[in-house]
């Protein structure tokens with residue numbers, strides 16, 4: 068049986084529809100978690116029937132969707148193992164989003180952390196973003212451009228930077244330097260599944276908010292720390308910045324033209340990849356908690372994430388001992404694989420294997436090249452790179468971009484124009500995949516955001532909340548999540564905690 072006991076049943080409005088909330092005790096896990104009415108229908112048909120009679124708004128699902136794995140006596144409790152007050156949203160015609168029922172306490176600012184928690188929010192988690200009452204997340208002011216305020220032309224609104232990584236979140240302002248503010252964070256931590264922070268190691272401990280301190284309040288909490296250099300080691304207490312880590316971890320050394328100086332990547336790629344690593348680590352920790360019933364501390368750093376993403380270039384150095392070089396828009400070990408000038412523009416072309424190279428040469432009218440002893444294999448082409456690129460460049464410059472785009476289309480040769488952003492966001496594949504979304508923002512009005520890059524066949528991640536105004540949800544969270552009364556909220560405001 069899925070359920071050993073039904074401890075509590077309540078009604079709650081969620082996303083405009085009434086849902087029955089059921090708290091159950093899993094015998095095998097020895098913990099509590101929320102499950103849908105559909106699970107009740109399978110596990111306790113009679114109890115479910117009684118519950119269903121109380122409302123006509125409950126959505127039932129086919130029983131086969133909820134069959135237990137034959138080797139398990141109960142489903143793994145992926146949702147909160149303490150009551151966090153959440154019920155699945157049942158988006159997409161009754162199917163819950165992957166992280167419905169998960170609540171996240173977000174103490175991050177700037178990019179790596181907010182990017183991580185935005186991904187989790189897109190997947191259905193409730194994300195409570197804690198911000199400093201005086202200005203909030205630094206990136207709110209990192210502009211121009213700013214989104215503006217349709218109600219007040221004098222108000223520039225929030226920056227595009229902030230808006231890019233803070234959708235699907237609720238904002239609460241808390242002054243964690245005050246005892247009262249720290250108590251609010253403690254109360255939230257008791258009711259959350261995950262805490263994500265990106266303070267310098269040791270900083271939150273001063274406020275009673277470090278992992279060991281918060282773990283005492285909620286042993287099942289997954290506590291993710293995103294830092295520049297990690298929790299240990301001689302550089303642990305240094306702050307981390309994308310550009311500094313790009314320089315320090317070798318990325319700048321291999322980025323730029325071969326005859327020019329090292330440069331940083333055009334987007335804060337180290338921050339973003341660290342956010343991705345942290346998001347994956349959190350998902351894995353949720354699975355681990357389903358097995359053990361315990362949370363854990365995740366230690367994720369910009370330095371280590373950047374080192375990991377050196378990938379084959381880093382591996383080549385470790386194996387050969389040879390220092391890599393900058394190659395501009397070329398590839399160190401594949402030729403041809405670069406941007407070429409045409410009569411009127413530039414085009415990116417890859418001949419990644421011998422077959423593609425032969426096809427490319429045929430399309431260029433250079434059929435003799437694949438039999439040239441200098442260019443027969445990729446290793447040969449790497450050795451005689453300069454000679455080959457000179458021959459190809461001369462041919463490509465005989466015609467304009469459109470000529471070559473038509474010639475290469477459908478021929479099995481990877482190629483592309485080098486698009487500016489106007490052409491990128493108007494790209495037919497980008498449009499078809501709905502990678503530009505429009506949401507209604509309380510100040511900016513209609514706001515365009517980059518879409519969600521991963522598609523699911525069942526669950527449908529979506530933008531349910533626009534990026535929040537500073538402190539927009541403070542009263543809601545204090546009232547509905549922490550159940551503070553008006554008198555307590557007033558006292559917190561008077562104490563400077565909000």
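Residue numbers (my numbering): 68 to 565. Backbone N, C-alpha and C fix where the C-beta goes; we use that ideal spot for every residue, glycine too.
Residue 340 has its alpha-carbon roughly 15 Å from the corresponding atom of residue 297.
Beta-bridge partners of residue 237 (DSSP): 195. Bounds of the beta strand (DSSP E) holding residue 508 are 503-508. Residue 192 has its alpha-carbon roughly 16 Å from the corresponding atom of residue 523. Collapsing the DSSP output to three states places residue 441 in coil.
Counting C-beta pairs with one atom in each stretch, the region 260-278 and the region 166-184 have three or more that are closer than 8 Å, which means they touch.
Contiguous beta strand (DSSP E) elements confined to the region 498-560 occur at 503-508 and 512-517, taking only those with 3 or more residues. When secondary structure is reduced to three states using DSSP, residue 320 falls in the helix class. In the DSSP assignment, residue 416 falls within the beta strand (DSSP E) that extends over 413-417. Here the region 532-541 lies against the region 506-515, with 3 or more beta-carbon pairs under 8 Å apart. Counting of Cβ neighbours within 10 angstroms places residue 437 among the buried residues, the total reaching 16 or more. Looking at the DSSP output, residue 405 bridges to 416. Counting along the chain, no alpha helix (DSSP H) covers residue 213, and no H or E run does either. With fewer than 16 other CB atoms across the displayed protein chains lying within 10 angstroms of its CB, residue 488 is exposed.
For residue 199 against residue 563, the beta-carbon gap comes to about 12 Å, at or over 8 Å, which does not count as contact. Burial of residue 196 is indicated by the presence of at least 16 other C-beta atoms within 10 angstroms of its C-beta. Per the coordinates, the alpha-carbon of residue 202 lies some 15 Å from the alpha-carbon of residue 228. Beta bridge pairing from DSSP links residue 266 with no other residue. Annotation: the continuous alpha helix (DSSP H) that includes residue 182 extends over 179-189. The C-alpha of residue 239 is placed about 4 Å away from the C-alpha of residue 541. For residue 186, the CB contacts under 8 Å within the same chain, skipping 5 residues up- and downstream, are 342, 343 and 346 in chain order. Residue 349 places its beta carbon 8 Å or farther from that of residue 292.
Rounded to whole angstroms, the Cβ separation of residue 528 and residue 271 is 30 Å, and the two are not in contact under 8 Å. A contact between stretches requires three or more CB pairs, one per stretch, nearer than 8 Å, and the region 450-457 meets this requirement with the region 396-414.
When the beta-carbon positions are compared, residue 288 and residue 262 come within less than 8 Å of each other.
Bridge partners of residue 364 according to DSSP: 290. The bridge partners DSSP lists for residue 226 are 213.
A distance below 8 Å between beta-carbons, with the five flanking residues on each side excluded, links residue 485 to the following residues of its chain, in chain order: 406, 412, 413, 414 and 415. Counting the other CB atoms within 10 Å of its CB gives residue 546 a total below 16, which places it among the exposed residues.
For the 8 Å CB-CB criterion, residue 337 and residue 379 do not form a contact. If you draw a straight line from the Cα of residue 303 to the Cα of residue 274, it comes to about 19 Å.
If you look at residue 170, you'll find it in the beta strand (DSSP E) that goes 170-174. Selection 442, 476 and 372 evaluated against residue 403 yields 442 as nearest (Cα-Cα). Straight through space, the alpha carbons of residue 502 and residue 521 are spaced by roughly 10 Å.
Cβ-Cβ separation between residue 363 and residue 352: approximately 6 Å, consistent with a contact (criterion under 8 Å).
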